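Chains as they are written, first to last, in the numbering used here: chain W, 7 to 279; chain H, 165 to 431. First up is the structure itself, then whatever we jot down about it.
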């Protein structure tokens, strides 16, 4: 499972359009399993969820899935079972008779995902898959995607949500200005332990100036969000040493967390933010 | 976090399996029957009414007024049918082919459609055919209505000529829909220009005028086709048929080539 991250305009959606053969490269060459993209898609099909869900507004939800299933080459028997399964999996039972134009943004997003899952495709491309989903369905979506892993399947997820990519993906490709900046292997231990700023929340009993003590221990500390302190990146032994000193002077340390996740940190470095 | 969702679809991925376009064409035909079909019947029906009503009123003013349209002279009925046939063929084709490709591109419907194992040329050729069958169905309904009002007269070449004109006009519309977003406007402009050019310069144009006439659709040939379609005595103008059909077929093939060679989306 490969994540695709990058700032707005980095080229994520353009790359996906290239992979589907919707546009042609102005330079270079792109192949899917040795074939030009359009040839691959026309032969095998790709499970694709686009960022913008565009379907004729008068199509009924169930009919839309039947249509896409027929185009995906499903037999009448498979069509019946796969459409029912997709509807059940994405929690769309009560909407199956509704027209596309009557669906909320979240339900439309789920319909988009349902049509991408109708067939067991070798390649799945999900562009901003949780866009418009509520927190419950965002979590359920993650469960669905985890269940889609197959040994001979490639899943691409393009998202602005780095937390989502960190949770789901084996690797995350970070692109910017149309170029691959780096690939972060989420399974490698070093990607999880990087030098990152820390966010420190403290309080103190009467008579102890917590702020002054934090500044004394960590001279470069800055006031962060919601009364917390932000500490510049430093090695773990130095951080622990400072915390011990702080506690020793009577300050109560409520929490110490990395200000950015490992992937966020990599992302910031890669795009120069 | 636990979930009640069972995400297990399968443990294997699909092998190569093409789209079932034959089956899908039933959806396309259904769309035509529910959308463009009724619109065509309504508009052509309205135009037929405004064509027939004044003639009927004029006849009823005379002392020996016929009781119904079945008592009108065959010549008058044939002329009226010919005029309505021209209107029907143009409007039915326009409704059936307008936005056939351009709407999918403009509204982004192509994204889900062409992530499936289907090529754009095959898909749109099927849609063109399915809508053509729809046009013939509507023609059948309207002609039956005409026969009920005027008495049954069977013209054996009526439906083949409607099919030919669908290919002629529809082929042009297909190409325009593939290459431009303003297909109905382009189609009307092209046909209007063709009519003007043939009326102004006539069949004996020379030089660049001759070239322009041949480049535009052979609008001058339609009269011969409609006469042949609505008469038992008119001679078949095979040259006109081949020219019109060939022009439409060529445009259709160019449209398919455009779809094959050009990207579906703008970069």
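Just so it is clear, CB atoms sit at the ideal spot from N, CA and C, and this is done for glycine as well. Just so you know, these numbers come straight off a predicted model, no measurement behind them.
Of the residues the options, the one placed nearest residue i, counting alpha carbons only
i	options	result
residue 69 of chain W	H/192, H/182, H/339 and H/390	H/192
residue 390 of chain H	H/303, H/367, H/326 and H/428	H/326
residue 41 of chain W	W/55, W/24, W/56 and W/33	W/24
residue 277 of chain W	W/268, W/189, W/212 and W/180	W/180
residue 230 of chain W	W/114, W/95, W/28 and W/262	W/262
residue 214 of chain W	W/44, W/252 and W/188	W/252
residue 185 of chain W	W/33, W/211 and W/26	W/33
residue 256 of chain W	W/222, W/221 and W/216	W/216
residue 110 of chain W	W/63, W/250 and W/254	W/63
residue 127 of chain W	W/154, W/117, W/22 and W/137	W/154
residue 88 of chain W	W/100, W/73 and W/101	W/73
residue 318 of chain H	H/198, H/213, H/205 and H/392	H/392
residue 355 of chain H	H/367, H/337, H/401 and H/365	H/337
residue 335 of chain H	H/269, H/324, H/414 and H/282	H/414
residue 105 of chain W	W/133, W/61, W/35 and W/188	W/61
residue 187 of chain H	H/278, H/287 and H/267	H/287
residue 312 of chain H	H/405, H/234, H/190 and H/225	H/234
residue 122 of chain W	W/174, W/108, W/166 and W/92	W/92
residue 254 of chain W	W/211, W/168 and W/55	W/211
residue 412 of chain H	H/383, H/315, H/396 and H/425	H/383
residue 282 of chain H	H/185, H/243 and H/386	H/185
residue 276 of chain H	W/55, W/247, W/190 and W/208	W/55
residue 174 of chain W	W/137, W/193, W/20 and W/182	W/193
residue 268 of chain W	W/18, W/228, W/146 and W/239	W/239
residue 290 of chain H	H/238, H/190, H/427 and H/396	H/190
residue 259 of chain H	H/407, H/309, H/243 and H/208	H/208
residue 19 of chain W	W/165, W/232 and W/234	W/165
C-beta contact flag for residue i and residue j at 7 Å
i	j	result
residue 112 of chain W	residue 90 of chain W	no
residue 296 of chain W	residue 264 of chain W	No answer is possible for residue 296 of chain W: it lies beyond the span of chain W, which begins at 7 and ends at 279.
residue 180 of chain H	residue 50 of chain W	yes
residue 265 of chain H	residue 353 of chain H	no
residue 71 of chain W	residue 272 of chain H	no
residue 230 of chain H	residue 236 of chain H	yes
residue 284 of chain H	residue 418 of chain H	no
residue 183 of chain H	residue 280 of chain H	yes
residue 245 of chain H	residue 394 of chain H	yes
residue 97 of chain W	residue 66 of chain W	no
residue 381 of chain H	residue 398 of chain H	no
residue 328 of chain H	residue 410 of chain H	no
residue 11 of chain W	residue 171 of chain W	yes
residue 237 of chain W	residue 133 of chain W	no
residue 206 of chain H	residue 251 of chain H	no
residue 270 of chain H	residue 378 of chain H	no
residue 272 of chain W	residue 189 of chain W	no
residue 404 of chain H	residue 385 of chain H	yes
residue 270 of chain W	residue 168 of chain W	yes
Rounded Cβ spacing between residue i and residue j (contact assumed at less than 8 Å)
i	j	result
residue 53 of chain W	residue 163 of chain W	Contact flag wrong, Cβ pair sits at about 12 Å.
residue 307 of chain H	residue 257 of chain H	Not a contact, Cβ separation roughly 16 Å.
residue 416 of chain H	residue 339 of chain H	7 Å
residue 347 of chain H	residue 262 of chain H	6 Å
residue 125 of chain W	residue 85 of chain W	That pair is no contact at about 10 Å.
residue 46 of chain W	residue 38 of chain W	4 Å
residue 248 of chain H	residue 204 of chain H	At roughly 13 Å, the Cβ-Cβ gap does not stay under 8 Å, so residue 248 of chain H and residue 204 of chain H are not in contact.
residue 178 of chain W	residue 9 of chain W	4 Å
residue 280 of chain W	residue 115 of chain W	Missing from the structure shown is residue 280 of chain W; chain W here goes from 7 to 279 and no further.
Start-to-end residues for the beta strand (DSSP E) that takes in residue i
i	result
residue 162 of chain W	160-164
residue 9 of chain W	8-11
residue 23 of chain W	Segment 18-26 is the alpha helix (DSSP H) holding residue 23 of chain W; no beta strand (DSSP E) there.
residue 232 of chain W	Careful: residue 232 of chain W lies outside any beta strand (DSSP E) and carries neither H nor E.
residue 29 of chain W	It is not in any beta strand (DSSP E) - residue 29 of chain W carries neither H nor E in the DSSP assignment.
residue 53 of chain W	53-55
residue 191 of chain W	185-191
Boundaries (first-last residue) of the alpha helix (DSSP H) holding residue i
i	result
residue 229 of chain H	First-last for residue 229 of chain H: undefined, no H or E at that position.
residue 265 of chain H	First-last for residue 265 of chain H: undefined, no H or E at that position.
residue 391 of chain H	386-393
residue 207 of chain W	Note, residue 207 of chain W: premise wrong, no alpha helix (DSSP H); beta strand (DSSP E) at 204-209.
residue 176 of chain W	No alpha helix (DSSP H) contains residue 176 of chain W, which DSSP labels as neither H nor E.
residue 253 of chain W	242-254
Contacting residues, own chain, Cβ-Cβ under 6 Å from residue i (five flanking each side not counted)
i	result
residue 266 of chain W	202
residue 201 of chain H	298 and 302
residue 161 of chain W	7 and 130
Same chain, Cβ closer than 7 Å to residue i, neighbours up to 5 away in sequence not counted
i	result
residue 31 of chain W	24
residue 78 of chain W	51, 124 and 125
residue 99 of chain W	93
residue 198 of chain W	Low local confidence applies: a pLDDT of 48 at residue 198 of chain W is under 50, so the model's placement there is unreliable, with the coordinate-based value given in what follows. Taken in chain order, the residues that qualify are 268.
residue 171 of chain H	A caution first: residue 171 of chain H carries a pLDDT of 43, below 50, which makes its placement in the model unreliable, though a value can still be read off. Correct list: empty, nothing qualifies.
Proximal residues to residue i (C-beta, below 8 Å), its chain only, five neighbours per side dropped
i	result
residue 259 of chain W	206, 207, 208, 249, 252 and 253
For the stretch 257-272 of chain W, list every residue whose C-beta sits within 8 Å of some C-beta in chain C, in sequence order. Absent from the structure: chain C. Protein chains present are W and H.
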